[in-house]
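Engineer: First, the structure itself, so that you have it in front of you.
Have a look at this one:
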């Protein structure tokens, strides 16, 4: 085939490989990819614009819904920013619970990713196992917060719930089980020959390339860059409960697997430490209705890397501007750059390697045997609940 | 001027490529040594130290490797300095009296506890760092002090180009620039390998009839923001993709959401907005009012 003729394989927006709508165009020469482009926005909901028409509290709920996987990240990042503007600091116990939920969320997200990435490699057994084990952490989160995905753990100025001894025991038991399983997964992804053929030396991003593009999160750490907001600029309770950064030098897909799986162990350790040394005290401080005029930047290490919020207040009940930069946007560039030279069949794996944000499906849960309410009943229940509080 | 002792192997030189040859004569052959890689950031680290300190190099290599080592230092563009060689920790310790006579040491950089022993003998600060993965921020903190932390490096780089520099919060610096100075400012941060471009934010200032574009660079805890104002009518700003290739998605987002033409950006296709969205209604401008949703 001469290079004069370009053959473009369009993939998406709906396609068998990814569970998220995105449109990719891969220019191929035979089986080899020579260029790649991406078109996003199929689920763009105009959330940044919508924040300008809602008050500070309403926005907490709106922003938590940016992502079904790292919902707590967004609520936390937004709250930290608004609290900084209002010059309010959440109490130590609340900060510890924030970090606790953030780490539980990281565990669920990494296990979810492990399954998705294994599925892309055609290793569905690993997919089934890791998603079965992920249920452990989903149950923990549900028991703790009442929700499987949008946990709604945050409140401006604190958190909504406390952690009692019974829950602590449940979390510890869950972690013991998961830790054993995670050792097994680490062994599988580093020793299984057919799996390694899909990951070792594939999609390699050198340290220099990673620096140039500015990739973040596990992507950066798998390319030898020790970049983690929890360490670089500790927020919530990460100053009291320091994180060990996991770094791998190889920069290929295997390194991304190893980094994320080793981060699971680090999260287990952190969760245990937080439970052990949980500070005592209040869960919230009072938050003003209006937030002082000013601008602030807040950053939180999401499971996929740094989430970045720029919040501007004009001194009123609503923000002037909330800018959200999610980690996937930074990391997508790496796909465009690493894709050329690879086989078309490697594309799903390279895409999955950055852990692009998939939506995860919620399910309906009836808690404590209570009956299903209509919208009006729920609203009334809420009004009564908070008037009693 | 005081001196700093720099241990070459592991601190500035990543010699792992020739490790398989260890024990053979090829291990210290000139063309093999010249293939060693500099460790990340080490060149910049030493060049920052050079104006303040004499640099004295030390390596665990035999005398035969002296010429090759000197050539490697020159080829990699490290600052000049005398080179001392000692194969074993004991050999290097034996050099201490000579070193003490010739220099007054402020600190030493090493990777092992044996280095620490030598530093104690020299009576200077001993900075023991992770082999091949030196965190130069630690070196800066102990040898250059507070004024050279990342934030101040950014201020030094941006001051000559900015209209105004402010520090709105801890770890933050905002540099207000003319649109014409944007590229040189980005280039200065890029050339100094200062952090990474984390986000581009647009702010619509209806009162001033201007749009402000903010380029946020993050370097660990430090955040440097470049702020450029452009008129709302015929808004245009130069692309920084020639310097920061990773900016392409950010620029496309900025362009469609705020109706700013990004001059010279490599790809102007729609990234987020639907194809049928009118070009004269950038949704994040304040005068775009979201239509009321249709209730069922």
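Protein chains in written order, with our numbering: chain A, 2 to 390; chain B, 156 to 451. By construction, the Cβ of each residue, glycine as well, lies at the ideal position given by its N, Cα and C atoms.
(1) Please list, in chain order, the chain B residues whose beta carbon lies closer than 7 angstroms to that of residue 122 (chain A).
(2) Are the C-beta of residue 41 (chain A) and some C-beta of chain B separated by less than 8 angstroms?
(3) Hey, does residue 294 (chain B) have any beta-carbon neighbour from chain A nearer than 8 angstroms?
(4) Can you tell me which of A:301, A:355, A:118, A:340 puts its alpha carbon nearest to the alpha carbon of residue 30 (chain A)?
(5) Using a Cβ-Cβ cut-off of 8 angstroms, state whether residue 364 (chain A) counts as contacting chain B.
(6) Please return the same chain residues whose Cβ sits closer than 7 angstroms to the Cβ of residue 171 (chain A), not counting the five positions on each side in sequence.
(7) Are there 16 or more other CB atoms within 10 angstroms of the CB of residue 399 (chain B), so buried, or fewer, so exposed?
(8) Rounded to the nearest angstrom, what separates residue 381 (chain B) and residue 371 (chain B) at their Cα positions?
(9) Of the residues A:81, A:194, A:296, which one's Cα is nearest the Cα of residue 155 (chain A)?
(10) Quick one, which of B:330, B:340, B:438, B:158 has its alpha-carbon nearest residue 212 (chain B)'s?
(11) Rounding to the nearest angstrom, what Cα-Cα distance links residue 277 (chain A) and residue 169 (chain A) in this structure?
(12) Can you tell me which residues form a DSSP beta bridge with residue 374 (chain B)?
(13) To which residues of the same chain is residue 132 (chain A) closer than 6 angstroms at the C-beta, ignoring the five residues directly before and after it?
(14) Run down chain A in chain order and give the residues with a C-beta less than 8 angstroms from the C-beta of residue 197 (chain B).
(15) Pull up the CB-CB distance for residue 294 (chain B) and residue 200 (chain B), whole angstroms please, since I reckon it's below 8 angstroms.
(16) How is the beta strand (DSSP E) around residue 264 (chain B) delimited, first residue to last?
(17) Does the beta-carbon of residue 178 (chain A) have 16 or more other beta-carbons within 10 angstroms, so that it is buried, or is it exposed?
(18) Which residues, in order along the segment 53-70 of chain A, keep a beta-carbon less than 9 angstroms from a beta-carbon of chain B?
(19) Taking C-beta to C-beta, are residue 307 (chain A) and residue 353 (chain B) nearer than 8 angstroms?
(20) Where are the beta strand (DSSP E) runs, 3 residues long or more, that stay fully inside the segment 20-61 of chain A, in chain order?
(21) Pick helix, strand or coil for residue 186 (chain A), following the three-state DSSP scheme.
(22) Nearest-angstrom Cα distance between residue 323 (chain A) and residue 414 (chain B)?
(23) Just checking: is the beta-carbon of residue 45 (chain A) within a distance shorter than 8 angstroms of some beta-carbon in chain B?
(24) Please determine, among A:203, A:237, A:337, A:257, the residue with the shortest C-alpha to C-alpha distance to residue 220 (chain A).
(25) Have a look at residue 265 (chain B) and residue 232 (chain A) and give me their C-alpha separation to the nearest angstrom.
(26) Is residue 412 (chain B) buried or exposed, if buried means 16 or more other CB atoms sit within 10 Å of its CB?
(27) Can you pull the chain A neighbours of residue 439 (chain B), defined as C-beta to C-beta under 8 angstroms?
(28) Whole angstroms is fine: what's the gap from residue 73 (chain A)'s alpha carbon to residue 389 (chain B)'s?
(29) Could you give the distance in angstroms between the alpha-carbon of residue 189 (chain B) and the alpha-carbon of residue 165 (chain B)?
(30) Given a cut-off of 8 angstroms on the beta-carbon distance, is the pair residue 275 (chain A) and residue 101 (chain A) in contact?
(31) Buried or exposed: which applies to residue 423 (chain B), given that a residue is buried once 16 or more other Cβ atoms fall within 10 Å of its Cβ?
(32) Can you list, in chain order, the stretches of the beta strand (DSSP E) that have 3 or more residues and sit fully within the segment 241-318 of chain A?
(33) Quick one: list the residues of chain B neighbouring residue 234 (chain A), beta-carbon separation under 9 angstroms, in chain order.
(34) Looking at the strands, I want to know which residues DSSP matches up with residue 281 (chain B).
(35) Pull out every residue of the segment 219-243 of chain B whose Cβ sits closer than 8 angstroms to any Cβ of chain A, in chain order.
(36) For the candidate residues B:342, B:426, B:299, B:430, whose alpha-carbon lies nearest to that of residue 25 (chain A)?
Structural biologist: With the given structure in hand:
(1) Per Cβ cutoff of 7 angstroms: no residues; residue 122 (chain A) is ~27 angstroms from chain B at best.
(2) Contact with chain B is found for residue 41 (chain A), since one of that chain's Cβ atoms lies less than 8 angstroms from the residue's Cβ.
(3) It does not; no Cβ of chain A falls within 8 angstroms.
(4) Looking at the Cα atoms, A:340 is the closest of the given residues.
(5) Because residue 364 (chain A) sits at a pLDDT of 27, beneath the cut-off of 50, its placement in the model cannot be relied upon, and the following sentence gives the value as read from the coordinates. Not closer than 8 angstroms to any Cβ of chain B, the Cβ of residue 364 (chain A) fails to qualify, so no.
(6) Same-chain partners within the cutoff: 141, 144.
(7) Buried.
(8) Distance between the alpha carbons of residue 381 (chain B) and residue 371 (chain B) is about 7 angstroms.
(9) Of A:81, A:194, A:296, the smallest CA-CA separation from residue 155 (chain A) is found for A:81.
(10) With distances taken between Cα atoms, residue 212 (chain B) lies closest to B:158.
(11) Cα to Cα, residue 277 (chain A) sits roughly 9 angstroms from residue 169 (chain A).
(12) Per DSSP, B:377.
(13) Same-chain partners within the cutoff: 116.
(14) What residue 197 (chain B) touches in chain A: nothing, since even the nearest Cβ is about 13 angstroms away.
(15) Right, the Cβ-Cβ distance comes to about 6 angstroms (below 8 angstroms), so this counts as a contact.
(16) Counting along the chain, residue 264 (chain B) sits inside the beta strand (DSSP E) bounded by residues 260-265.
(17) The residue is exposed, with fewer than 16 neighbouring Cβ atoms inside 10 Å.
(18) Those would be 53, 54, in chain order.
(19) With respect to the 8 angstroms criterion, residue 307 (chain A) and residue 353 (chain B) are classified as neighbours on the basis of their beta carbons.
(20) DSSP runs (the beta strand (DSSP E)) wholly in the segment 20-61 of chain A: 24-30, 33-40.
(21) Shown here, residue 186 (chain A) sits in a helix according to DSSP, grouped into three states.
(22) Going from the Cα of residue 323 (chain A) to the Cα of residue 414 (chain B) covers about 18 angstroms.
(23) Residue contact check for residue 45 (chain A) against chain B: a CB pair falls below 8 angstroms.
(24) If we check each option's Cα against that of residue 220 (chain A), A:257 comes out closest.
(25) So the alpha carbons of these two residues sit roughly 24 angstroms apart.
(26) Residue environment: residue 412 (chain B) is assigned as buried (16 or more neighbouring CB atoms within 10 Å of its CB, all protein chains considered).
(27) Those are 49, 50, listed as they occur along chain A.
(28) Between residue 73 (chain A) and residue 389 (chain B), the C-alpha separation is close to 40 angstroms.
(29) Rounded to the nearest angstrom, the two C-alpha atoms are 15 angstroms apart.
(30) The answer is yes: Cβ separation under 8 angstroms.
(31) Result: exposed.
(32) Whole beta strand (DSSP E) segments, 3+ residues: 295-303, 306-314.
(33) Result: 326, 373, 375, 376, 377, 378.
(34) Looking at the DSSP output, residue 281 (chain B) bridges to B:263.
(35) Contacts with chain A (Cβ-Cβ distance below 8 angstroms) from the segment 219-243 of chain B involve no residue at all.
(36) The shortest Cα separation from residue 25 (chain A) among B:342, B:426, B:299, B:430 belongs to B:426.
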